[in-house]
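Numbering (the working numbering), first residue to last: 397 to 495. Heads up, the beta-carbon is just placed ideally off N, CA and C, and yes, glycines get one too.
Here you go:
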C-alpha cells in the first residue's frame with residue numbers, strides 16, 4: 397500500500413512490483429516521486445501488453461490470475477473446452493438415465 401497516497405491496487409508480481417514494494421518498505425513515508433516512474437501506466441501498457449515483456453512495467457491483475465495454470469495454444473484450449481463440455485453433458489445425462 398502507498399502510505400502517502402493511501403491507495404491500493406492488485407498487480408502482477410514481477411520485478412517492477414517487487415521494486416515498488418521495496419521502496420514502500422523503507423522507514424518513513426514513501427514519496428510518490430520515488431515510485432512514479434515505476435508505476436506509470438503507459439510503460440506497463442507498452443512493454444507488457446504490446447510487447448509481451450511481463451517485467452517491463454507494472455500491470456493490474458485480478459484475483460482470477462491465481463486460477464491460471466497454463467497458457468495453451470488455441471487448438472489445445474478449444475479441444476479441452478469441447479472435452480470438458482462433453483464430459484459434463486454425459487455426466488448430467490447419466491444422472492437422468494439412472495432415475
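Could you check whether residue j and residue i sit closer than 8 angstroms to each other, using their CB atoms as the reference points?
i	j	result
residue 431	residue 407	no
residue 412	residue 434	yes
residue 462	residue 453	no
residue 456	residue 489	no
Residue i lies in the alpha helix (DSSP H); which residues open and close that run?
i	result
residue 463	That residue, residue 463, is in no alpha helix (DSSP H); it is neither H nor E in DSSP.
residue 428	428 to 435
residue 447	Per DSSP, residue 447 belongs to no alpha helix (DSSP H) and is neither H nor E.
residue 416	411 to 421
Return the CA-CA distance between residue i and residue j, expressed in angstroms with no decimal places.
i	j	result
residue 398	residue 472	Its pLDDT being 39, under 50, residue 398 is placed unreliably by the model, and the measurement read from it follows with that caveat. Computed Cα separation, rounded: 41 angstroms.
residue 448	residue 465	18 angstroms
residue 450	residue 482	35 angstroms
residue 422	residue 459	27 angstroms
residue 410	residue 468	21 angstroms
residue 420	residue 443	23 angstroms
residue 470	residue 484	21 angstroms
residue 478	residue 492	21 angstroms
residue 425	residue 475	52 angstroms
residue 438	residue 480	39 angstroms
residue 418	residue 486	52 angstroms
residue 400	residue 429	Caution applies to residue 400, whose pLDDT of 47 falls short of 50 and renders its modelled position unreliable; the value that the coordinates give is listed next. Cα to Cα, residue 400 sits roughly 11 angstroms from residue 429.
Are any of the Cβ atoms in chain C nearer than 8 angstroms to that of residue i?
i	result
residue 481	The structure shown contains no chain C; it is built from a single protein chain.
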